[in-house]
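Visitor: Just passing along the structure, written as C-alpha cells.
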Amino acid sequence: MVLVKASQFSVRLIRMGCKNRPFYQLGALPTRRRPNLLPDEVIGNVDPVPNHNNEIIACVDLKRLAYWTGKGVKFSGGAQSVLGLGGWFPIPPKTYMRALGSREKERQGMDTKASDETTEDKDKDKDEFVIERVISKKRIC
Amino acid sequence: MKTTFNANMCSISKLSHLLTNKSVHHLNHVFRRTATPALNVLSTRFSHSKSSDDSTADDMNAKDIERIFLRPRVQTLLKRLIGFNDQKVFEAKPSLISKTNEVRFMTDSELNLMLEMARNRAAEKIAMPPVLSPKDDTPRVLATDYELQGYIDSKFLLVDSSAGYSDQTRLIVVREPNGVLREANREERYRMNQMFFPKEERLLEEPKMFCEPNLTNVLDRHEYEFVLNRACLQYEPNDPKYIDICHKIYEHIVANNQFQSLRSTRHFGPFCYYLAFDSRIDKLLNDYILREEVSDGSALVQLYYDIHSSDAQLLDEIHAEVVSDVQLIKKYISEESKEKSILELSIQKYEEIQREKAAMAEDISRAHGLNA
C-alpha cells in the first residue's frame, strides 16, 4: 500500500443556517482549521432540506472544484457524498451502505406491518389542514 | 482523491462482515475505477451533442414555422405590417422612475445625432420576439446507480455555477431517488437558472396573471400588449407555456376584432405571422380595407402568398412589385379567402369611396380652374 501524505487543504461542507435548520457551504480551507469557520474559498452550497417540489438543491462551481481536485485536496465524507450523488465523484461506499441499510429497514418494516394489520384511518381524516411536507429522516450528508 | 479512498477502503473492510460478498466485491470494484463518472459529466458538457431528429409530420411543420419566420422577405413584410407610429412607439409607459422633459438647444448635427439615437431606440422597441416551435424536452440519462435506492426520498439537483455558460448550456443534473442520474428537464432548468442566476422581474413560480380567471379578465380589458410583454419577460420563446399564452391572446384579439391594439408594437409581427401561417388573414384584411389601409392589406396578402404559395411566377410578380395593391387583394379574395362575401363587399365599398374621392377632387380642381 502506498503511503500518501494527507493534504493540508480540504474541501468540505461548512454547516451554516440556524438551529434545526442546517445549510451547508462547500468550501476550500486548511484541514487543521476548526469546523464551521468561513472557508478561504466558497465553491458552492447545499441545502439539505427538501423544498416544496421535494428537491434537494446543490449549487457548485465545478471549474473551481476541478482546480482543487487537481491540487489534491482532502474531501470530507459529506462533501464526497454530495458530489457522488451529483455525479462528480464515484459514489462513496458509505452511501451505498446507508442505502442498503434503509432498504433492509423498509423491508423489515413492511413484514411487521403485514403481520399486525391495524388500520389507523380515523386519525388521518381528522387532520385536514396539515401541510403535507416530506419530512424524511434520511440525510444527504 | 486516492488518499481519501484508501481511508474508506479500510472502513469497508471493517464493516464488510455486515455486507454480502457480492456487494463488497462491487464496492471494491467501484473504487478500483478512476473518476469515470466525473469524466462522463465533464465530457457531456464539452460535447454539445444534439439528439437525433425524428422526421415526423409534426416536426417538419414545427421546423417550418421557425425557418419561414427567419426568411428575409417575411421579416421585411412583418416589419412593414408593424408600422411605425412614433406617438405610440414612444408613448410614456407607467413607470416607477419619473422623468421630466428636457429642453435643449442643439446644432443641426447634434439634432441629427439625437434623431439617429431615437431611431435606434425605436428599432429596439419594435424588434419582434422570435416565433419558435416548442422545444423538445427529453433529458439525457448520464448514469444509472440503482444501488442508491433508499438513500434519499427526494430528487437531488446539482447546478454548475461556473462562469462562462449561458442558461441553456449550464450543467444541471438531477439524481432521482431510484438512482438514475439525468440532465434536468426544461422546468427544472428554468427554475434553477432563475434561483441562482435570476433575471430581473422574472418570477420563480408561474405568475397568477397567466392562470385562467385572471387571464380572461385581463384580456377582456383589452390589455393585450401588457400581457404579451409580461409573457416575453417571464418565459423563453421556445417554452410551450409562452406559445400557448400567445395563441390564447391572438385568438382573443381575432374574436373581439381588436386588431388595432397591437399595431406599432413588437408583438404585431408574430401575430400577423400566426394568422398568415394558419391561413386566417381574412378578418384582419377586412379591417385594413375598412380603414382604407390598402397598402398594409396587400402586405398581409403578400405575406400569405410568401408562406403558402409555391407558384414561382406569382411570387416573382409580387417581389417585382408589378401587381398593384388592390389587384393583389382582389386576387386573394377571389381565389383563397374563406370569408369571400364580406371581403368582396368591403373592397367594393373601398373602390366606390376611392372613385367618389377622385371625382370630388376633380370637381374641386375644375372649380379652382386648375383643369386645363
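Chains as they are written, first to last, in the working numbering: chain P, 1 to 141; chain A, 142 to 513. Ideal Cβ positions, reconstructed from N, Cα and C, are used throughout, including at glycine.
At least one CB of chain A closer than 8 Å to the CB of residue 55 (chain P): is that the case?
Guide: Output row for residue 55 (chain P): interface = yes.
Visitor: Any beta carbon of chain A sitting closer than 8 Å to that of residue 17 (chain P)?
Guide: Residue 17 (chain P) does not count as touching chain A.
Visitor: Any chance the region 102-114 of chain P sits against the region 35-47 of chain P, with 3 or more Cβ pairs inside 8 Å?
Guide: The region 102-114 of chain P vs the region 35-47 of chain P: no contact.
Visitor: CA-CA distance, residue 404 (chain A) and residue 79 (chain P)?
Guide: Answer to the nearest angstrom: the Cα atoms are 56 Å apart.
Visitor: Can you check whether the CB of residue 44 (chain P) is closer than 8 Å to the CB of residue 322 (chain A)?
Guide: No. Outside cutoff.
Visitor: What are the partner residues of residue 517 (chain A), as DSSP defines its beta bridges?
Guide: Past the boundaries of the shown model lies residue 517 (chain A); chain A is included only from 142 to 513, so the question cannot be answered.
Visitor: Output the distance between the C-alpha atoms of residue 417 (chain A) and residue 240 (chain A), rounded to the nearest integer angstrom.
Guide: Their backbone Cα atoms lie some 40 Å apart in a straight line.
Visitor: If you measure from the beta carbon of residue 311 (chain A) to each beta carbon in chain P, is any gap under 8 Å?
Guide: With 8 Å as the cut-off, residue 311 (chain A) does not count as an interface residue toward chain P.
Visitor: Throw me the rounded Cβ distance for the residue 90 (chain P) and residue 81 (chain P) pair, which I believe falls under 8 Å.
Guide: Rounded, the Cβ-Cβ distance is 11 Å, inconsistent with contact.
Visitor: How long is the line joining the alpha carbons of residue 172 (chain A) and residue 85 (chain P), rounded to whole angstroms?
Guide: Here residue 172 (chain A) scores only 44 on pLDDT, less than 50, and its place in the model should not be relied on; the value that follows carries that caveat. Each residue's alpha carbon lies about 15 Å from the other.
Visitor: Would you kindly work out how many angstroms separate the C-alpha atoms of residue 191 (chain A) and residue 328 (chain A), rounded to a whole number?
Guide: Its pLDDT being 41, under 50, residue 191 (chain A) is placed unreliably by the model, and the measurement read from it follows with that caveat. Rounded to whole angstroms, residue 191 (chain A) to residue 328 (chain A) spans 19 Å at the Cα level.
Visitor: In three-state terms, what does DSSP make of residue 234 (chain A)?
Guide: If DSSP states are grouped into helix, strand and coil, residue 234 (chain A) belongs with coil.
Visitor: I'd like to know if residue 109 (chain P) contacts chain A, where contact means its C-beta is closer than 8 Å to some C-beta of that chain.
Guide: Taking Cβ atoms only, chain A never reaches closer than 8 Å to residue 109 (chain P), which makes this a no.
Visitor: Hey, out of A:385, A:429 and A:419, whose CA is closest to residue 399 (chain A)'s CA?
Guide: Comparing Cα positions, the closest option is A:429.
Visitor: When the Cα atoms are used, what is the spatial distance from residue 365 (chain A) to residue 304 (chain A)?
Guide: Distance between the alpha carbons of residue 365 (chain A) and residue 304 (chain A): 37 Å.
Visitor: Determine which residues of the region 294-306 of chain A have a Cβ less than 7 Å from any Cβ of chain P, and write them out in chain order.
Guide: From the region 294-306 of chain A, only 294, 295, 296, 297, 298, 299, 300, 301, 302 and 303 have a Cβ closer than 7 Å to chain P.
Visitor: Do we get a CB-CB distance below 8 Å when we pair residue 32 (chain P) with the residues of chain A?
Guide: Taking Cβ atoms only, chain A never reaches closer than 8 Å to residue 32 (chain P), which makes this a no.
Visitor: Starting from residue 258 (chain A), trace the alpha helix (DSSP H) both ways and give me its first and last residue.
Guide: Where residue 258 (chain A) is concerned, the enclosing alpha helix (DSSP H) stretches over 249-267.
Visitor: Check whether chain A comes within 8 Å of residue 35 (chain P), counting only Cβ atoms and requiring the distance to be less than that.
Guide: Chain A, which has no Cβ nearer than 8 Å to the Cβ of residue 35 (chain P), makes this no.
Visitor: State yes or no: is the C-beta of residue 230 (chain A) within less than 8 Å of the C-beta of residue 411 (chain A)?
Guide: Cβ atoms of residue 230 (chain A) and residue 411 (chain A): not closer than 8 Å.
Visitor: Tell me, to the nearest whole angstrom, how far the beta carbon of residue 326 (chain A) is from that of residue 280 (chain A); I am working on the premise that it is less than 8 Å.
Guide: Residue 326 (chain A) to residue 280 (chain A), Cβ: 5 Å. Contact.
Visitor: Are any of the Cβ atoms in chain P nearer than 8 Å to that of residue 316 (chain A)?
Guide: Yes, residue 316 (chain A) lies at the interface with chain P (some Cβ there is under 8 Å from its Cβ).
Visitor: Spatial neighbours of residue 203 (chain A) within its chain, please: CB distance less than 6 Å, with the 5 preceding and 5 following residues excluded, ordered by chain position.
Guide: Here the set comprises 274.
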